[in-house]
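>
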Amino acid sequence: MTHPPGTVVYDKNHPFLARLVERRRLSKPGSEKDTQHFVVDVSGSGLTYKCGDSLGIYAANDAAQVDAVIQGLGLEGDEPVTPPKATETCSLREALLTRFSLAQPTKKTLQAFHDHTTGADERAHLHNLLHNTAPAELQEYLEQREYIDLIEEYPGARFGAQAFIELLRKLQPRLYSIASSPVVHPYHIHLTVAVVRYETNGRARLGVCSTHLGERVPLHEPVLPVFLSNSHFGLPEDGARDIILVGPGTGIAPFRAFAQERVAQGAAGRMWVLVLETLEHARRRGARIYCELVGYASTCDAYHITSPDPGGAGLAKALRKALKDARLEPQQIDYINAHGTSTPYNDKFETMAVKSVFGDYAPKIPMSSTKSMTGHLLGAAGGIEAAICVKAIETGEVPPTINLEEPDLPDCDLDYVPNVKRTHKVQAALSSNLGFGGHNAVVVFKAL
Ligand SMILES: Cc1cc2nc3c(=O)[nH]c(=O)nc-3n(C[C@H](O)[C@H](O)[C@H](O)COP(=O)(O)OP(=O)(O)OC[C@H]3O[C@@H](n4cnc5c(N)ncnc54)[C@H](O)[C@@H]3O)c2cc1C
Numbered sequence: 534m535t536h537p538p539g540t541v542v543y544d545k546n547h548p549f550l551a552r553l554v555e556r557r558r559l560s561k562p563g564s565e566k567d568t569q570h571f572v573v574d575v576s577g578s579g580l581t582y583k584c585g586d587s588l589g590i591y592a593a594n595d596a597a598q599v600d601a602v603i604q605g606l607g608l609e610g611d612e613p614v615t616p617p618k619a620t621e622t623c624s625l626r627e628a629l630l631t632r633f634s635l636a637q638p639t640k641k642t643l644q645a646f647h648d649h650t651t652g653a654d655e656r657a658h659l660h661n662l663l664h665n666t667a668p669a670e671l672q673e674y675l676e677q678r679e680y681i682d683l684i685e686e687y688p689g690a691r692f693g694a695q696a697f698i699e700l701l702r703k704l705q706p707r708l709y710s711i712a713s714s715p716v717v718h719p720y721h722i723h724l725t726v727a728v729v730r731y732e733t734n735g736r737a738r739l740g741v742c743s744t745h746l747g748e749r750v751p752l753h754e755p756v757l758p759v760f761l762s763n764s765h766f767g768l769p770e771d772g773a774r775d776i777i778l779v780g781p782g783t784g785i786a787p788f789r790a791f792a793q794e795r796v797a798q799g800a801a802g803r804m805w806v807l808v809l810e811t812l813e814h815a816r817r818r819g820a821r822i823y824c825e826l827v828g829y830a831s832t833c834d835a836y837h838i839t840s841p842d843p844g845g846a847g848l849a850k851a852l853r854k855a856l857k858d859a860r861l862e863p864q865q866i867d868y869i870n871a872h873g874t875s876t877p878y879n880d881k882f883e884t885m886a887v888k889s890v891f892g893d894y895a896p897k898i899p900m901s902s903t904k905s906m907t908g909h910l911l912g913a914a915g916g917i918e919a920a921i922c923v924k925a926i927e928t929g930e931v932p933p934t935i936n937l938e939e940p941d942l943p944d945c946d947l948d949y950v951p952n953v954k955r956t957h958k959v960q961a962a963l964s965s966n967l968g969f970g971g972h973n974a975v976v977v978f979k980a981l
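Written out as structure tokens, the structure reads:
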């Protein structure tokens, strides 16, 4: 990032006050989700972004919630407080609006309510919670509550303004993947945000930042503190490369940016996005449907950070659960896309897991490792391998395990489709995936 001499360099500690200039609901009426499109104007900031970067946003809590907390504490809101590590004071109301989280009280919070209450019954109840409640139950109690719940449940607990803010955690900025390309919109940053609303303890809750953007930030006013968070996640330099966009973990937003940039640059490479939607929705909009995702299961054997558990019991459990979820018998699976990392442990234990679930039928199922061709794509591997299963169903061709000249007999004795693709009718295909820490995940696809 370059700035003319003397200009401010905005970052996490010195955010730029941007303008929200557009807010538009993308979800259709009646949808369970509320996904919105936002445009943030950063003109004049000197901030330059690239596809794959994220925008950091400092949000404010809902004012009505802050007022309820102040009232519940029996305070006025104009009491001066000094946030920890700050040198300047601000009002309690300002601190609760912008500096502290009013969610996720902890055991320490309960202890403070215990110590500050004047009510004997409340103190006894809190003592019981803290000392005679099973950890899982206490955890659930806390997960169901925010600070306002505790204030209302224990009205005898009295705190001064300063003592109260010292209980709270700092309100952290939230990151959002940028959904636009700087080639097209150099001064406007687009975001695609799922607005978080849910209910706990019988009360409606608001995700702080997503509802701040979705409901509270006034349009066209320079009041939204933002900064850029750079990423190594981006487009290949060579625009002629084909790309498949799968599972960034943060939704569709960065893919929109990538697509916008490639179109703007006239990149020759093709692009695919893996999209899952309900069958009814796909049918309603007349989509070309490749197949149906009919089963999913995951387990965690937590055996070792990198090794699967000996014998593949964890994976076998995930395979069984996924077949059950898919309502398919082992004999109905026509192709397995193996995790297939080609490590001696993986290949031996994955083979054992498949044999233990598929029994005599195991050697009859073509089971290939496409990592032999793609390499290990780590977090993206599951998505690509799911797409390969879908293509096997569509084309009736099973991809090979390349460079397989000498199978590790006797441990690896299944049909790994060596070196050459095979024509084979695939009605149902399964992809198995193993992750660090003992995670096992299986998805099952079926032709319609
Ligand atoms: C690099 C990166 C990029 C991201 N990009 C995007 C993006 O492009 N779009 C996007 O929408 N988000 C994105 N996120 C997520 C985003 O940063 C926020 O986490 C998200 O918007 C929620 O923040 P919030 O302040 O609205 O909710 P918060 O106030 O943080 O509340 C969320 C919390 O509420 C609780 N909660 C939520 N739902 C329930 C429920 N049903 N039951 C009980 N408790 C629940 C959970 O504790 C959860 O952690 C990204 C995150 C990262 C790290």
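Our numbering puts the first residue of the sequence shown at 534, with every later residue one more than the last.
From the three backbone atoms N, C-alpha and C, an ideal C-beta is built for every residue, glycine too.
Can you give the Cα-Cα distance for proline 579 and glutamate 555, rounded to whole angstroms?
Within the sequence shown, the letter at position 46 stands for residue 579. Within the sequence shown, the letter at position 22 stands for residue 555. Here the sequence assigns glycine to residue 579, which means proline is not the residue at that position. In a straight line, the C-alpha of glycine 579 is about 21 Å away from that of glutamate 555.
> Look at the Cβ atom of alanine 694, then the Cβ atom of glutamate 612, and state whether they are nearer than 8 Å.
Walking along the sequence shown from the start, residue 694 turns up at place 161. Walking along the sequence shown from the start, residue 612 turns up at place 79. It is a contact, given that the beta carbons lie within the stated cut-off.
> Cβ of proline 548 within 8 Å of Cβ of proline 758?
Counting from one through the sequence shown, the residue named residue 548 turns up at place 15. Counting from one through the sequence shown, the residue named residue 758 turns up at place 225. In contact: proline 548 and proline 758 (Cβ atoms closer than 8 Å).
> Would you kindly report the start and end of the unbroken beta strand (DSSP E) that includes arginine 558?
For this step, residue 558 is matched to residue 25 along the sequence shown. First-last of the beta strand (DSSP E) with arginine 558: 549–558.
> Going by C-alpha to C-alpha distance, which of Val716, Arg557, Pro896 and Leu553 sits closest to cysteine 584?
Taking the first residue of the sequence shown as 1, we reach residue 584 at position 51. The candidate whose alpha carbon is nearest that of cysteine 584 is Val716.
> Say the cut is 7 Å; is the CB of tyrosine 505 nearer than that to a heavy atom of ligand 1?
For residue 505 there is no data in the structure shown, the boundaries of the chain being 534 and 981.
> What I want to know is whether the C-beta of cysteine 742 ends up closer than 7 Å to one or more non-hydrogen atoms of ligand 1.
Working through the sequence shown from its first residue, we reach residue 742 at position 209. Result yes, Cβ under 7 Å from ligand 1.
> Go ahead and pull the three-state DSSP assignment for alanine 987.
This structure cannot speak to residue 987, because the chain is shown only from 534 to 981.
> Quick one, which of Leu724, Lys854, Arg749 and Thr651 has its alpha-carbon nearest valine 575's?
One-based indexing of the sequence shown puts residue 575 at position 42. The shortest C-alpha separation from valine 575 is found at Leu724.
> Considering only the beta carbon of each residue, do alanine 830 and alanine 846 sit closer than 8 Å?
To locate residue 830, count along the sequence shown from 1; it is residue 297. To locate residue 846, count along the sequence shown from 1; it is residue 313. No, the Cβ-Cβ distance between alanine 830 and alanine 846 is not below 8 Å.
> Indicate the three-state DSSP secondary structure (helix, strand or coil) for tyrosine 543 in the structure shown.
Here residue 543 corresponds to residue number 10 of the sequence shown, with the count starting at 1. DSSP places tyrosine 543 in coil when its eight states are reduced to three.
> Comparing the CB of alanine 792 with every heavy atom of ligand 3, is any distance shorter than 7 Å?
As far as ligands go, the structure on display features ligand 1 and does not contain ligand 3.
> Under a three-way DSSP split, which group does cysteine 833 fall into?
For the purposes of this step, residue 833 is taken as residue 300 along the sequence shown, with counting starting at 1. Cysteine 833 falls in the strand class under three-state DSSP.
> In three-state terms, what does DSSP make of isoleucine 785?
By 1-based counting over the sequence shown, the position of residue 785 is 252. If DSSP states are grouped into helix, strand and coil, isoleucine 785 belongs with coil.
> May I ask you to report which of helix, strand or coil DSSP gives cysteine 742?
As a working note, residue 742 is residue 209 in the sequence shown. Here cysteine 742 sits in helix by DSSP.
> Can you give me the C-alpha to C-alpha distance between glutamate 825 and leucine 981, rounded to a whole angstrom?
Reading the sequence shown from its first residue, position 292 is the one you call residue 825. Reading the sequence shown from its first residue, position 448 is the one you call residue 981. Computed Cα separation, rounded: 7 Å.
> Look at the alpha carbon of alanine 645 and the alpha carbon of glutamate 748, and state the distance between them as a whole number of angstroms.
Your numbering for residue 645 matches position 112 in the sequence shown. Your numbering for residue 748 matches position 215 in the sequence shown. The straight-line gap from Cα to Cα measures roughly 33 Å.
> Apart from the five residues on each side of it in sequence, which residues of its chain come closer than 6 Å, Cβ to Cβ, to alanine 690?
Translated into positions along the sequence shown, residue 690 becomes position 157. Excluding positions up to five away in sequence, the list reads Phe646, His649 and Thr650.
> When you measure from the CB of serine 587 to every non-hydrogen atom of ligand 1, does any distance come out below 7 Å?
As a working note, residue 587 is residue 54 in the sequence shown. Yes, Cβ of serine 587 sits closer than 7 Å to a heavy atom of ligand 1.
> Please report the distance separating the alpha-carbon of valine 728 from that of alanine 895.
Along the sequence shown, one-based indexing puts residue 728 at 195. Along the sequence shown, one-based indexing puts residue 895 at 362. Straight-line Cα distance between these residues: approximately 45 Å.
> Tell me whether the beta-carbon of phenylalanine 571 lies closer than 8 Å to the beta-carbon of valine 808.
Within the sequence shown, the letter at position 38 stands for residue 571. Within the sequence shown, the letter at position 275 stands for residue 808. Not in contact: phenylalanine 571 and valine 808 (Cβ atoms no closer than 8 Å).
> My output table needs one value for glutamine 569: the three-state DSSP class, helix, strand or coil.
Here residue 569 refers to the residue found at position 36 of the sequence shown. Reduced to three states, the DSSP call for glutamine 569 is strand.
> Give me the DSSP bridge partner(s) of leucine 523.
Nothing about residue 523 can be reported from this structure: the residues present for the chain run from 534 to 981 only.
> Kindly indicate the opening and closing residues of the alpha helix (DSSP H) around phenylalanine 697.
Position 164 of the sequence shown, counted from the first residue, corresponds to residue 697. Looking at the DSSP string, the run of the alpha helix (DSSP H) that includes phenylalanine 697 is 694–698.
> Confirm the yes/no value for this check: CB of alanine 727, any heavy atom of ligand 1, distance under 7 Å.
Residue numbering aside, residue 727 sits at position 194 when the sequence shown is read from its first letter. Answer for alanine 727: yes, Cβ within range of ligand 1.
> Quick check on DSSP: helix, strand or coil for cysteine 824?
Your numbering for residue 824 matches position 291 in the sequence shown. Correct three-state label for cysteine 824: coil.
> Please return the same chain residues whose Cβ sits closer than 7 Å to the Cβ of serine 764, not counting the five positions on each side in sequence.
As a working mapping, residue 764 is identified with position 231 in the sequence shown. Same-chain partners within the cutoff: Gly585, Asp586 and Ser587.
> Going by alpha carbons, who is nearest to aspartate 682 out of Gly605, Tyr731 and Lys641?
Here residue 682 refers to the residue found at position 149 when the sequence shown is read from its first residue. Among Gly605, Tyr731 and Lys641, the Cα nearest to that of aspartate 682 belongs to Gly605.
> Are the CB atoms of glycine 589 and phenylalanine 760 nearer to each other than 8 Å?
Your numbering for residue 589 matches position 56 in the sequence shown. Your numbering for residue 760 matches position 227 in the sequence shown. Yes. Within cutoff.
> Do the segment 954–968 and the segment 919–932 make contact, defined as three or more Cβ pairs closer than 8 Å?
Contact holds: three or more Cβ-Cβ distances are below 8 Å.
> In whole angstroms, what separates the C-alpha of arginine 557 from that of glutamine 569?
Within the sequence shown, numbered from 1, the residue matching residue 557 stands at position 24. Within the sequence shown, numbered from 1, the residue matching residue 569 stands at position 36. Their backbone Cα atoms lie some 6 Å apart in a straight line.
> Mind reading off the beta-carbon distance from phenylalanine 891 to proline 933? Whole number of angstroms is fine, and I expect it under 8 Å.
Counting from one through the sequence shown, the residue named residue 891 turns up at place 358. Counting from one through the sequence shown, the residue named residue 933 turns up at place 400. No, phenylalanine 891 and proline 933 are not in contact; Cβ-Cβ is about 20 Å, not under 8 Å.
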